[in-house]
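Note that the numbering used here numbers the sequence shown so that position 105 is 114, with each residue one more than the last.
Heads up: the structure comes next, in structure tokens.
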Amino acid sequence: MAFLRADYVAEEDRPIPFKRMIYFGDGETDIPCMKMVKQNGGYSIAVYNPSKKGKKDIAKKLISEDRVNFVCSADYKKSSDIYEVVTTILQKIKRDYDFDTLLQKHKNLAK
């Protein structure tokens, strides 16, 4: 019987490091993943249904407990809060990527 072996891959060698991840969660089972992504430099967004009583309060608790970065209503229109949050995160990820690439280029020049 053969088993697959998952070798550890250093953060800087991963094709998609945590700092380039966005995790959307809308339930209690998502909390561990949202927290892990956030703790490792990624971004987590707790999404709630505003028509369901108490869901916003639960989501707000997650941000106050430092488990998520953002709390947003499940409204995905271009004019919504979540749209602004996601586009801003994507812009930041792109700027950080460009900065890291430039920094690596200059480090390579010094070799």
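Where is the CB? At the ideal position from N, CA and C, for every residue including glycine.
Computed from a predicted model, the values in this text were never measured in an experiment.
Query raised in the report: Span of the alpha helix (DSSP H) holding Val-95?
Result: 90-118
**Report entry** Helix, strand or coil at Ile-25 according to DSSP, with G and I counted as helix
**Finding:** coil
Query raised in the report: If we count Cβ pairs, one from each stretch, closer than 8 Å, do we get three or more for the segment 103-114 versus the segment 83-93?
Result: no
Query raised in the report: Out of curiosity, what's the CA-to-CA distance linking Ser-101 and His-115?
Result: Note on residue identity: the sequence assigns Lys, not Ser, to residue 101. Each residue's Cα considered, the two are about 21 Å apart.
Query raised in the report: Taking C-beta to C-beta, are Phe-68 and Val-77 nearer than 9 Å?
Result: Note that residue 68 is Ala in the sequence shown, not Phe. Their beta carbons are under 9 Å apart, which means Ala-68 touches Val-77 by this criterion.
Query raised in the report: If we count the other Cβ atoms within 10 Å of its Cβ and call it buried at 16 or more, is Ala-55 buried or exposed?
Result: buried
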